Structure formats: C-alpha cells, structure tokens
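Trainee: One structure follows; several queries about it will come next.
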Amino acid sequence: MTGQKRQLYRSSWLLALAMSQGMLAASADELVPAELAPGVARYALDTGHLAPVIALAPTLTGDSADYLRARVLLSSGQTQEAKAVLEGVFASNAHRAEAALELARLAVAEGDSSAAVRWYQEASRVGFGEIRQQAVFGLAETARSQGQADSAGQYLASMDDGYWAAVGYMNLAADFAKQDLNPSRALVALRVAMAMAVKDQDRTRSRDLLDQLYLRAGFLSVRTEEYDKATDFLEKVSLESYATPQALYLHGLALSERGNYRAAMQSWHRAKKFPLAFPGVSDAWLGMGRGYDLAGYPGQAGESWLAANAAYEGERVTLGKLAERVRQDGAYKALVEDARGADAQWFLADSRTLTQPRLAYLLRFLEQPGAQAAVQRVAQLDDLSLTLEGRKHDLDVFIRAMEGHLGEVGNRSGSAEQAMLKDMNEQLRDSLARIRDKVTLPDQSSKLGNLERRLQASAQRLGSLQQRASGQSRVIDAQLRHARQLHAATRRLQAQVSQVRVSASAILDRKVLAFVATEQQRMVHALDKTEQQIAHLYEYLALENIEEGTR
Amino acid sequence: MKTLFGKQKSQYCRISPWNRGLWVSGILAALVTTSVAATSLDEQIERLTAEVTRHSASVHALEQQLLHPVNTRVAVFLTLQNRQALDLDSVELFLNDQPVASHLYSATERASLEQGGVQQLFIGNLADGSHQLKAVVNARSVNKRFVRRELEHRFEKRSGTLRLQMTLDARAPDYEPDVTFREWK
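The listed protein sequences derive, respectively, from chains A and B.
Counting in the working numbering, the first sequence runs from 1425 upward without gaps.
Counting in the working numbering, the second sequence runs from 39 upward without gaps.
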C-alpha cells in the first residue's frame, strides 16, 4: 500500500468512527420531518448542496428513498456502492427506468458496451417520456459507435420528435459525411434532424442545435457546389451563436462562388469581428483581400492582405503570451479562471463570450472531450479545496468558542440565578391561579390557559436545568474532541487534495500547451497564405507595368 | 473542404521511415501513460470527493448541534403545491419583522421545486412564546403576470424543534399566490 493510499484509508477510518458516534443521524432526523425528507434530499441533490443530506440519506422512507440514496452515493463519488443500490432500485417498483439509465451510463463510463446496451434496453422498456428518449438515444449511439449505421437508424426511427432524436440524426449525418463522397445521405439525415429539433420544447436548446444543423448542412452544400442551397441554410444561423463566425465565412464563400463579391465581403467583414480563434475567421480575413482582387480593386486587396498579416502576427503574439502564462501560472488560471472575469455584468455575459480572444480559445479547447475531462478534474479539486478551507474555518471558530465556553462553565455555578427564577415562576403561577377564579369570558380563559402552559414549560425546564447543566460540560468536552478530530482530518484531506491537484494540473497544462502550439501553427499557415497572395499581387502589378511600358 | 486559395504546398518528408516508427511508438507510449495516469487520477479524485462529502456532513452536523440547540431550533421549509402555476423569482422571510432569509431562485432550483423538491429555507433559534412569520413572495404566474405578495403567519414556539412547512400555491383563473403554513410535530 502506498503512503498516499494509507493516508486515505486512515482518514476514512477516522471519519467512519466519527459517523458511528451518531452525531450525523441525530441532527438530521430531528430537524427534517420524515414526510419532507425525500423532497429535501431531492432539492439538495439537484442544487449540489450535499452536506446537509448525507446524514438524511439513511433515514429516508417511501418509494423514492433507495433511488435518492443511490443519487447521494453517486454525487459523493461512491460509484460502486451506488451501482449496487441502483440494481436494487431497478428490481423494485419505483424509479426503475431512471435506475437503468444511470446504470447504463456507468457501464459506458467503464467501457462495458454490452452491459450498457442491456441497461439502455431495460430503460427504454420500462421508461417513458424524456427517460425513454435518452435510453433509445444511448442505444443508437452505441450502435453508431460500433459502425452499425442501419441499426442506429432503426433505433432513431422509433424515437419521438424532439432534442434527443435530432442529436442522434446529427451524429448519423456526421458519420455519413465522413464515409460518402456524395453528401446526399448526410443532408437527408440533417434535414430529418432539423424537423426533429424544431419540436423540442426547450427553446434555447432547440435554437443552439438548429444553428449547428444549419451550419453543417451549409458546409455540405458548399462542398457539393450547391451554393443557393448553402446560402439558404447559412442565413438561418443565428447571429449570436457559437456557429456564427464559421457560418458567415461559408456564406461569403458561397456568395463569392456565384460572383457576388460585394455581398461576400459583407459576410466576411462581419466574420472578422470575431476572435481569430474561431473556425472560419482567419479565412474571412484572407477572403476580404481576395474579394477586392476579384472585384478589380488590387490596391484595396493589397491593403486587406497586409491588414490580415498584421492580425495574424498579433494573434501569434497573443498565443505566445498565453503559452508563457500557462507555463508560469498553470493552464487553469491562465485559460479558465482569468477568462471568467469577475467584473462582468450578467447582462453583458453573452456578448462577451463570443468577442473575447481568451474565452474563444477556451471554448475551442473545450471542444475536445479529453480537454473537458482535464479541466473538470482541476475544477473539481479546486472545489474540494474550497470546501475544505470553509470547513476548516468553521471548525476553528467552533473549537475556539467551545474552549471559551468550557472555561465559562467551569467558573460559573448559576444556582442563585436559578433559585430566583424558580421563585419568580411560582409567584407568577400563584397570580394566575388567583385570577383564574375571576375569569368569565372564554377569550380571557384561553389567554390564561396559554400563559399557564408557558409557565409550566418554563418550570419544567428550570427543574431539569441543574441536571442538564451538569452534563453540559461533558457534552461540550466530547464535542470539542470530535471537532479537533475533524480539524485534523481536514488538514490531512487538504494535503491529499493539493497533491492530486498538482498531477491533474500537469495533465491540463500539457494539453493546453499542445493546443496553443497547434493554434500558433495555424496562424503560421495563414501568414504563409497572405504573404503568397501579396507576392502574387505584386508580381501581377509588376507584369502589368511592364506590359504598359512596352505598349 | 474547399478553400479559397487551393491546396497547401506539399511538404517533403524530413523524417526517415525508421525514425518515424520510433516517433510513432514513442507518442503512442506517451498517450497510453497519460491515459493510465488520468484514470488513476480520476479514481483518486472520486475517493477524495467521497471523503470530503462525508467530512462536510460531519462538520455540518456539528454546526447544527452547536448553533441550533434542539430546544430553541426553528426550521422553515418551502414547497410548491401547484407545480406549473408559478415561476418563483425570490422569497424573503421575516421573523418578528426582522429579515432572516432571502433567496433568489435559479432555473435549476425552480425546476427542482417544481419536481417535488423541498427547500430548507431557514434554520435559526427562537425563544418560547408567540411569534410572527412574514413571507414576501416574488413570482411570475402562468398568465405572465409579475406578482409580489406579503403573507403572514402567527405561531407559538414551545420547547423543542419547531418545523414549519410553507406551501406556495396559485390557482386558476387568476393565479393569485397563496401560502399555507403547516407545523410539524
């Protein structure tokens, strides 16, 4: 066993010991009524505030109890335990489809495709609505990833219109586009996907997917030289979408192929407003010069290419600085944290996303699934670190307060104060008893009854106060010991988290630096192209001058 | 893909096939090592997440015991009765005219409440006796109206934990927000 593992086991043993003392269950059970507990657990799971419900999970009752317990286990990283509970849920009468879907996802994550297919089939058999759609989509994706396009198509055909079917057809279209020389099969699949996406009730999700679909259809149409069709598709892409810059470039390309250079340059000019990180933007800069050249304005063409050259050079400097910052501060700080910008107002957030170079590079980087996992790892560890820091601060406060309180309890008996309060209580009860005989109205009687009950409760609490107070220092002492144990566990966990973060951060840094190097290479290629164009232009102008001279 | 300016100039092969083989196997080995490292890292992160979650729960329980002694504890829970009628924007809570809790709802929180989630809106301490709870609800009703309502409830606090459930409702045709209170024994 390695040192790190030994440490992990030791701290988990300590925590298990702390939990076995019954501190958790007692607190949660008393606070939340049993009837509300499943709802409280559901809300906590949905909103990601797990701490208050960990103790609640064992006390849950009702049909959803086991399913919620499994979700708590999954959210707290106990996958194997969650799997066993989910299998139990599937064998029961409630939440069967949800359990099967979760099990299928776990099987996919473990790379066990036959188990994934089995659980997806179970989920589609017993589920309905969105759950069934997700299960059938999972089956179609598994078949597609195994190269069985026909089988994937059959699954998709059995789905209801909506988001999941649309995504399925979009992925199928991507496969067809890779395999076929003629894109007609891919275009048909994309058209079906568009029809399905329109039926999605979630308008934002539907709009985003439709933008992707129009862009892909436009691209395929440009590739087969069907420019009218391409412009029809591309004009439907929203101007505030992630797909906008590429759509604008392709739109300009389709227009220029039809000889409409002026309109093409308008599209490219709009694409130029976006950061060079987005696909199509560097081509749009080049296109501007080409447009002027073809329209018969060689001087303007030269200026445009020189401007493109300057933009690419500037971008190389930006990328160089980004790489330097990644090496200095780490990729997570340089690319993810700094891209957030704490000063951004929420109403500016959307427009900022598409116009800031660093955010644009972050979005491009995150297009790779491996990159998402690498960023998520560091983010998760930072989140754990933040949680532990908060807990450590809380425990510091509790320990100080309890130490102070123990000192006070030791110095104070409070018996004189208690005797005085007891006297006062008795006097008040006598006074009430004297008034009781004179009361005639029911309203007065009820008020008096209320006061009597409150006095009785106070007398009971005063009576048991001495006994409770004597036990108090014992309780606080136990709590103080427990808090100190937790404090030590916090420090150990903090050390482990920061150790794992170093490894996670190194993986992310390597990925980001490789990505930045690829982007720099892309800029070098773009520079080569503009320089080539400028050289052609000067050569042409020189030949023209010679020709004019000979005339 | 068709580009504006034709194909890129073809590059000459600068690496001999033998060296290329070495490079390819080196890159593959590096990729496999990275992937194995990432998998073991994921396992470590999962284990740490489980431990930190349990640890946070222990601290939370200790906090509850220390800050909210059972005898004086008051907890207020929020639920939705008619799940489609109201889009909740915010809830403010006042105990004896003192603001004690306010919450602005995100889309996720709203969706969770609509699917039967119960929010633990407030936990605090109160002395025994008669008290007043005021809830200010800001919401959008299903008929696209913005509504703000102040609702009051008087209750008696006795020794032991008091659990109050606030249920928000709005009924057709006017979708006027209404809150019912229930005390759990």
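Don't be surprised by glycine CBs; every beta carbon is placed ideally from N, CA and C.
A quick note: this is a predicted structure, and the numbers were derived from the prediction, not measured.
Are the Cβ atoms of Thr1954 of chain A and Ala1732 of chain A separated by less than 8 Å?
Mentor: yes
Trainee: If you measure between the beta carbons of Val1509 of chain A and Leu1497 of chain A, is that distance less than 8 Å?
Mentor: yes
Trainee: Quick one: list the residues of chain B neighbouring Ile1478 of chain A, beta-carbon separation under 7 Å, in chain order.
Mentor: Thr91, Arg92, Ala95
Trainee: Cβ closer than 7 Å: which chain D residues qualify as neighbours of Asp166 of chain B?
Mentor: Of the protein chains in this structure, namely A and B, none is chain D.
Trainee: Check whether the Cβ atoms of Arg1520 of chain A and Val1550 of chain A lie closer than 8 Å to each other.
Mentor: Contact flag set, yes.
Trainee: The alpha helix (DSSP H) spanning Thr146 of chain B covers which residue range?
Mentor: 145-152
Trainee: At 4 residues or longer, what runs of the alpha helix (DSSP H) sit wholly inside the stretch 1534-1585 of chain A?
Mentor: 1537-1550, 1553-1569, 1573-1581
Trainee: So Gln102 of chain B packs on Leu1492 of chain A, CB below 8 Å; how close in whole Å?
Mentor: Contact doesn't hold; Cβ gap of about 20 Å is too wide.
Trainee: What does the Cβ neighbour count give for Glu1963 of chain A, buried or exposed, with the cut at 16 atoms within 10 Å?
Mentor: exposed
Trainee: Could you list the residues in the stretch 1487-1504 of chain A with a C-beta less than 9 Å from some C-beta on chain B, going in chain order?
Mentor: Ser1488, Val1496, Leu1497, Ser1499, Ser1500, Gly1501, Gln1502, Thr1503
Trainee: Out of B:Glu81, B:Leu104, B:Gly155, B:Glu89, state which residue places its alpha-carbon closest to the alpha-carbon of Leu1917 of chain A.
Mentor: Residue B:Glu89 is the option with its Cα nearest to Leu1917 of chain A.
Trainee: Examine chain B for any beta-carbon lying closer than 8 Å to the beta-carbon of Val1921 of chain A, and answer yes or no.
Mentor: yes
Trainee: Which residues of the stretch 157-190 of chain B have a Cβ closer than 8 Å to any Cβ of chain A? Give them in chain order.
Mentor: Gln157, Gln158, Ile161, Asp166, Gly167
Trainee: Using a Cβ-Cβ distance under 8 Å, would Gly1463 of chain A count as near chain B?
Mentor: Yes, contact with chain B.
Trainee: Buried or exposed, going by whether 16 or more other CB atoms sit within 10 Å of the CB of Thr117 of chain B?
Mentor: buried
Trainee: By DSSP's criteria, Asn176 of chain B is part of a beta bridge. Which residues make up the other side?
Mentor: B:Ser128, B:Arg186, per the DSSP bridge assignment.
Trainee: What's the gap between the Cα of Phe1822 of chain A and the Cα of Val97 of chain B?
Mentor: The straight-line gap from Cα to Cα measures roughly 10 Å.
Trainee: Within a Cβ cutoff of 7 Å, which residues of the same chain sit near Gly1754 of chain A, ignoring the five residues on either side of it in sequence?
Mentor: Ser1929, Asp1933
Trainee: On a CA-only basis, which of B:Leu142, B:Arg92, B:Asn181 is nearest Arg209 of chain B? Give me that one, please.
Mentor: B:Asn181
Trainee: For Arg1801 of chain A, go through chain B and note every residue whose CB falls closer than 9 Å to its CB, in chain order.
Mentor: Those are Ala76, Leu79, Asp80, Ile83, listed as they occur along chain B.
Trainee: Starting from the C-beta of Ala1450 of chain A, find all residues in its chain whose C-beta is less than 6 Å away, skip the five residues before and the five after it, and write them out in chain order.
Mentor: Low local confidence applies: a pLDDT of 43 at Ala1450 of chain A is under 50, so the model's placement there is unreliable, with the coordinate-based value given in what follows. Once the five neighbours on either side are set aside, Ala1450 of chain A has no close Cβ partner at all.
Trainee: Would you call the stretch 1626-1646 of chain A and the stretch 1657-1664 of chain A touching, i.e. three or more CB-CB distances under 8 Å?
Mentor: yes
Trainee: Along the chain, where does the alpha helix (DSSP H) that runs through Thr1397 of chain A open and close?
Mentor: The displayed coordinates of chain A run from 1425 to 1975. Any statement about residue 1397 of chain A would go beyond what the structure contains.
Trainee: Which stretch, first to last residue, makes up the alpha helix (DSSP H) that contains Pro1722 of chain A?
Mentor: Unbroken alpha helix (DSSP H) run through Pro1722 of chain A: 1722-1753.
Trainee: Counting only C-beta atoms, is Ala1950 of chain A closer than 8 Å to chain B at any point?
Mentor: no
Trainee: Going by DSSP, what residues sit across from Gln203 of chain B in a beta bridge?
Mentor: B:Phe115, B:Arg220
Trainee: Considering only C-alpha positions, which residue in the set A:Pro1482, A:Ser1548, A:Ala1734 is nearest to Ala1559 of chain A?
Mentor: A:Ser1548
Trainee: DSSP three-state label for Gln157 of chain B, please.
Mentor: strand
Trainee: For a contact meaning CB atoms closer than 7 Å, what does His98 of chain B contact in chain A?
Mentor: Ala1475, Pro1476
Trainee: Considering just the uninterrupted stretch of the alpha helix (DSSP H) at Pro1374 of chain A, what are its terminal residues?
Mentor: The structure shown does not extend to residue 1374 of chain A, since chain A spans only 1425 to 1975, so no value can be given for it.
Trainee: Would you kindly work out how many angstroms separate the C-alpha atoms of Thr1742 of chain A and Phe1789 of chain A, rounded to a whole number?
Mentor: 16 Å
Trainee: Measure the alpha-carbon distance for Asn1684 of chain A versus Tyr1716 of chain A and round it to whole angstroms.
Mentor: 11 Å
Trainee: Determine which residues share a DSSP beta bridge with Gly162 of chain B and list them.
Mentor: B:Val112
Trainee: Cβ of Leu131 of chain B within 8 Å of Cβ of Ala1907 of chain A?
Mentor: no
Trainee: Applying a beta-carbon distance threshold of less than 9 Å, which residues of chain A neighbour Gln122 of chain B?
Mentor: Ordered by position in chain A, no residue passes the 9 Å Cβ test against Gln122 of chain B, which lies about 13 Å from the chain.
Trainee: For Asp1952 of chain A, count neighbouring Cβ atoms within 10 angstroms of its own Cβ and tell me buried if that reaches 16, exposed if not.
Mentor: exposed
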